[in-house]
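Structure, as structure tokens:
In the working numbering, the protein residues as written are 15 to 311.
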């Protein structure tokens, strides 16, 4: 079934992409049609995001608590787009950042990641970047004008392009940077390229050609030396504990594995747990559940 697109008047956008598999006689023609439709959908998403943000003077790009490298990289790319659109943008986090990987990434790319709090009142709008849990509302101060992530987002009063074609949020943002028609700065291209590699686990969790296409575009502008230096991230003790719980509590049904790890320090730790289950022998699909701040994620 092809993903449906719904729209309402409120300028809140959740951006993800969809997957369709084709084959057999006529598959080539159908694939061509679907690619054209995806390109048109990307253009529409880009235009709506640009028009929504360009109408503001300032915007807060808010990543989740303990954000993944993918979310941080996507925020860096969005910040450059905002600058091109004449909008002042700043990257903020929902809560304190304790992950060593996130801290190292921020230091390397000179991102001053303050916690979003009362300072949000200084912005005309907020964009929620990355993550996979509940979309924050910030008590509508300021309003969340867009959600950019590669997972479906359950948001009221929004335009949702449903599905999961991109393996990382950085993939979506990289395509928008390319769509903008300008060459990205080296640090932006490097951050996005590493974000794609981190989000797709070095392309082991690729969902379509989109990840490879985006990476190919960025390769020309990125600093490969920085990429190589970043490719061996560490793992926090808390994340290690969550992975251990995930393996111990797993249940198998044929090639599907599911686990409940209880309380988790961050959604990113749960992602690591699910990815670990996928590496177990005979497992092709995995789901990991936990509770973070009284919310099931």
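Beta carbons: idealized from backbone N, C-alpha and C, even for Gly.
Contact annotation, residue 76 with residue 106: C-beta distance approximately 5 angstroms; criterion of less than 8 angstroms satisfied. Of the candidates 72, 104 and 151, the residue whose Cα lies closest to the Cα of residue 128 is 104.
In the displayed model, residue 255 falls within a helix according to three-state DSSP. Within the region 182 to 240, complete alpha helix (DSSP H) segments of at least 4 residues are found at 183 to 194, 200 to 213 and 223 to 233, given in chain order. If one requires a minimum length of 3 residues, the beta strand (DSSP E) runs lying completely within the region 62 to 106 are 72 to 77, in chain order. Around the CB of residue 79, 16 or more other CB atoms lie within 10 Å, so the residue is classed as buried. Boundaries of the beta strand (DSSP E) harbouring residue 277: 270 to 277, taken from the DSSP string. Counting C-beta pairs closer than 8 angstroms gives fewer than three between the region 141 to 153 and the region 197 to 205, which falls short of the contact rule.
In this structure residue 138 touches residue 156 by the C-beta definition: roughly 6 angstroms separates them, less than 8 angstroms. A direct Cα-to-Cα measurement between residue 62 and residue 254 gives close to 40 angstroms. Looking at the DSSP output, residue 125 shares a beta bridge with no other residue.
When DSSP states are grouped into helix, strand and coil, residue 309 belongs to the strand group.
For residue 265, there is no enclosing alpha helix (DSSP H); the enclosing beta strand (DSSP E) has its first and last residue at 265 to 267. Here the region 85 to 98 makes no contact with the region 290 to 306; the two share fewer than three CB pairs at distances below 8 angstroms.
For residue 281, the enclosing alpha helix (DSSP H) stretches over residues 281 to 292. For residue 140, the secondary structure class from DSSP, reduced to helix, strand or coil, is strand. The C-beta distance from residue 273 to residue 283 rounds to 13 angstroms, too long to fall under 8 angstroms, and the pair is not in contact.
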